[in-house]
Amino acid sequence: MRLSLKMKLVLSSLSLIFLTIVVLVWFSYQSMKDQAWDAIRSESHNTAAAYSKGIGDWFGSRQQAVQALKEAIELDPNLDIVSHLKQTLVSGDFGLSYYGTREGVMHRHDPSLNKAGYDPRSRGWYKEAYAARQPITTKPYVSHTMQTLVVTLADPVFQQGQIIGVAASNLAMGELVKDVLNIAVPGKGYAMLLDTRDNVVVAHPNAKMQLKPLTDIGADFAADKLQRVMSADNFFFSQVGGVEKAVVVAAVPNTSWAIALVMDQDTLEAPMRDMLIKQALIGLAILLFVSFFVAWLVTHQLRELNTVSDALADIANGEGDLTVRIDVQSDDDIGKLADNFNQFVSRQHIMATKLRDITHHLNEAAANTADSALARSESIRRQQDEITMVATAVAEMASATQEIANNAENTAKSAEEAVGLSENGHTQVGQSQTSIGNLAQEVDSAVSIIEHLNDHALKISSILATIRSIAEQTNLLALNAAIEAARAGDQGRGFAVVADEVRVLSQRTHTSTEEIQSMIETLQSTTKQAVDVMSDSHQLAETSVQDVNNAGVSLDDIARQITVINDMSTQIASAAEEQSSVTAEISRNTEGVQEVANHMAEEALAAAKQAEGLKALADQLEKEVERYKL
Numbered sequence: 001m002r003l004s005l006k007m008k009l010v011l012s013s014l015s016l017i018f019l020t021i022v023v024l025v026w027f028s029y030q031s032m033k034d035q036a037w038d039a040i041r042s043e044s045h046n047t048a049a050a051y052s053k054g055i056g057d058w059f060g061s062r063q064q065a066v067q068a069l070k071e072a073i074e075l076d077p078n079l080d081i082v083s084h085l086k087q088t089l090v091s092g093d094f095g096l097s098y099y100g101t102r103e104g105v106m107h108r109h110d111p112s113l114n115k116a117g118y119d120p121r122s123r124g125w126y127k128e129a130y131a132a133r134q135p136i137t138t139k140p141y142v143s144h145t146m147q148t149l150v151v152t153l154a155d156p157v158f159q160q161g162q163i164i165g166v167a168a169s170n171l172a173m174g175e176l177v178k179d180v181l182n183i184a185v186p187g188k189g190y191a192m193l194l195d196t197r198d199n200v201v202v203a204h205p206n207a208k209m210q211l212k213p214l215t216d217i218g219a220d221f222a223a224d225k226l227q228r229v230m231s232a233d234n235f236f237f238s239q240v241g242g243v244e245k246a247v248v249v250a251a252v253p254n255t256s257w258a259i260a261l262v263m264d265q266d267t268l269e270a271p272m273r274d275m276l277i278k279q280a281l282i283g284l285a286i287l288l289f290v291s292f293f294v295a296w297l298v299t300h301q302l303r304e305l306n307t308v309s310d311a312l313a314d315i316a317n318g319e320g321d322l323t324v325r326i327d328v329q330s331d332d333d334i335g336k337l338a339d340n341f342n343q344f345v346s347r348q349h350i351m352a353t354k355l356r357d358i359t360h361h362l363n364e365a366a367a368n369t370a371d372s373a374l375a376r377s378e379s380i381r382r383q384q385d386e387i388t389m390v391a392t393a394v395a396e397m398a399s400a401t402q403e404i405a406n407n408a409e410n411t412a413k414s415a416e417e418a419v420g421l422s423e424n425g426h427t428q429v430g431q432s433q434t435s436i437g438n439l440a441q442e443v444d445s446a447v448s449i450i451e452h453l454n455d456h457a458l459k460i461s462s463i464l465a466t467i468r469s470i471a472e473q474t475n476l477l478a479l480n481a482a483i484e485a486a487r488a489g490d491q492g493r494g495f496a497v498v499a500d501e502v503r504v505l506s507q508r509t510h511t512s513t514e515e516i517q518s519m520i521e522t523l524q525s526t527t528k529q530a531v532d533v534m535s536d537s538h539q540l541a542e543t544s545v546q547d548v549n550n551a552g553v554s555l556d557d558i559a560r561q562i563t564v565i566n567d568m569s570t571q572i573a574s575a576a577e578e579q580s581s582v583t584a585e586i587s588r589n590t591e592g593v594q595e596v597a598n599h600m601a602e603e604a605l606a607a608a609k610q611a612e613g614l615k616a617l618a619d620q621l622e623k624e625v626e627r628y629k630l
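Using UniProt numbering, you'd call the opening residue of the sequence shown number 1 and step up by one each time.
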């Protein structure tokens, strides 16, 4: 899309104004946002600090009540402990007040609450205060006696540097939790009471979150992170339940607790976004007003320029009337533009007059040049045809020579390959000869091994004969022993049983030796057959070695004959290559002459085309010049 000068000026001005308005609105919004957040931080921090101080003072007064009880016991361990416990209960507004001794005795403000067998020394509040040797506050918990959320304030009682007991009171947290939850927090927010030492939630709008770990609220609410925030600016952003929140944290004096004010970020920033929309609408209204004003101003200023543009269009769209002039009506930049255009048209009028005469002469010269170029091109074309015939004949002769050389070269290569194959065959014959020789040696080794096996079988037969003889003698001895046992009567009955068992074993030994002897005889027979087969294999291997030697001699004769053929083929190929080289040189020279002729023909054709083109341009230029009115 092509834009007019007026549109370009208007759009440029509006773009600059629009950018200025956007920057101003954005910086205004950011400044207002920063100021609003500073105010929110300051106000919420003051609120949290005020409530945390109030809770700290309230808690401190309860600690002082327990401390007063502890000091009274230290001054007089034999005082009326119940009356002092009641006084502490009332002054500190406690739910329970009690004192546990190191002997395991438990005193309560109401003796009816005492339980048989209750040992305070086993309780967490006693152990914690005893171990700390200073006042402590327990982790919040639900009291079984009071049935409500409480903390225990405990203080060890000393006598001559030794702990003789622990004074303690249960402080109900119900009213404190209500007060915390009733704190007015901006941005649809709410307040929480957190125990950063024991890492639990003390007060939360959702009752199910009470006594839950701090990290159940969000990862940013871990105790160590809250401690870092409270030591810095007490303010941070975090996601709670998937919603972005602004959080202010303030430590509660005299405790390990902290008050957290949680505010919805979107709600807090809603007025800022509304203000941003209002500023954007105001900026848009200003932009529209300025747009109309700039459009009117540019139109008024460029009115005379339109007059000059219309005059230029008349000259451009007319019949080339160079006698037309623009009437100059002002002395500003537009008037100077019109005057300069008049001077330009005057010069163009003079130049067009001269150009008309030159074009006529150029047209005549171009026609003569075109005729001469066509005649020269025809002469070169005939010469080119004759050279082409010579080149074709030389090319055919070169092709025939090259084919002879190729055939001779292929014959030489085939002969070389045959020599290589015969050498490979000779090598394979040598390898076969070696393998068969190795086979013969292995057969000899196998024969030797089988003969050794036969010798060992003979030795085993000798051993078996000895065993058979021993078995027979053992059998005779067993018979003699049985006879002697029979003579001995009852006294030799046990010996007769043993002799009978020995005789049975000797018979089994005799039977086994006969079976082994039979197997050894079979083995000897098989071994003899193997020796015979190995002997035959050895003779066949020697015969194969002789046959392979004869094959090697034949392959050597074939290789020598192929070498002779190879030498003759090489000589033929060399002669054919030399003839091919000479023919190729002639062909190259002929091709060079043909290329020169082709180049001359191309140049002649190009010159003829250029002459025709020049004549056409001269005709066109003459027509264009004739359009002007001079």
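Idealized CB from N, CA, C, for every residue including glycine.
Item	Value
Integer-rounded CB distance, given that Phe221 should sit under 8 Å from Asn170	That belief does not hold up - the Cβ atoms of Asn170 and Phe221 are roughly 27 Å apart, past 8 Å.
At least three beta-carbon pairs within less than 8 Å, the stretch 261 to 269 to the stretch 31 to 50	yes
C-alpha distance - Thr563 paired with Val553, whole-angstrom precision	16 Å
Simplified DSSP state of His144, which is helix, strand or coil	coil
Neighbourhood of Asp619 by C-beta, 8 Å cutoff - its chain only, sequence neighbours within 5 removed	Asn363
Reference residue 633, options Ala616, Ser44, Leu85, closest by Cα	There is simply no residue 633 to check, as the chain begins at 1 and stops at 630 in what is shown.
C-alpha gap between Thr215 and Gly100, whole angstroms	36 Å
Backbone CA spacing between Ser231 and Ile259 [nearest angstrom]	14 Å
Option in Pro120, His109, Glu577 with minimal Cα separation from Glu103	Pro120
Reduced DSSP secondary structure (H/G/I, E/B, other) of Lys336	helix
Short Cβ contact (8 Å threshold) for Ala167 with Val180	no
Residues bridged to Pro213 [DSSP beta-bridge criterion]	Val200
Span of the alpha helix (DSSP H), counted from its first residue to its last, around Ala179	The amino acid at residue 179 is misidentified as Ala; the sequence shows Asp. Residues 174 to 181.
Residues that Ser574 bridges to, as DSSP identifies them	Answer is none; Ser574 lacks a bridge partner.
Limits of the unbroken alpha helix (DSSP H) element including Ala129	124 to 132
Asn424 versus Ile449 - alpha carbon distance	37 Å
Residue burial classification, Phe59 (beta-carbon count within 10 angstroms, cutoff 16)	buried
Ala131 to Arg123 span [Cα, whole Å]	12 Å
Distance, Ala295 Cα to Leu5 Cα	12 Å
Supposed close pair Ala285, Ala49 - CB separation, criterion 8 Å	At roughly 44 Å, the Cβ-Cβ gap does not stay under 8 Å, so Ala285 and Ala49 are not in contact.
Top-ranked residue by Cα proximity to Thr323, from Met389, Arg560, Gln279, Ile350	Ile350
Pick from Gly494, Leu14, Ile467, Gln431 that is closest to Ser506, judged by C-alpha positions	Ile467
Distance between Gly218 and Val240 (C-alpha atoms, nearest Å)	6 Å
The stretch 134 to 146 contacting the stretch 198 to 217, beta-carbon criterion three pairs below 8 Å	yes
Ser91 - containing alpha helix (DSSP H), residue span	81 to 91
Which of helix, strand or coil DSSP assigns to His109	coil
Secondary structure of Glu244, DSSP reduced to three states	strand
Backbone secondary structure at Ser97 - three-state DSSP	strand
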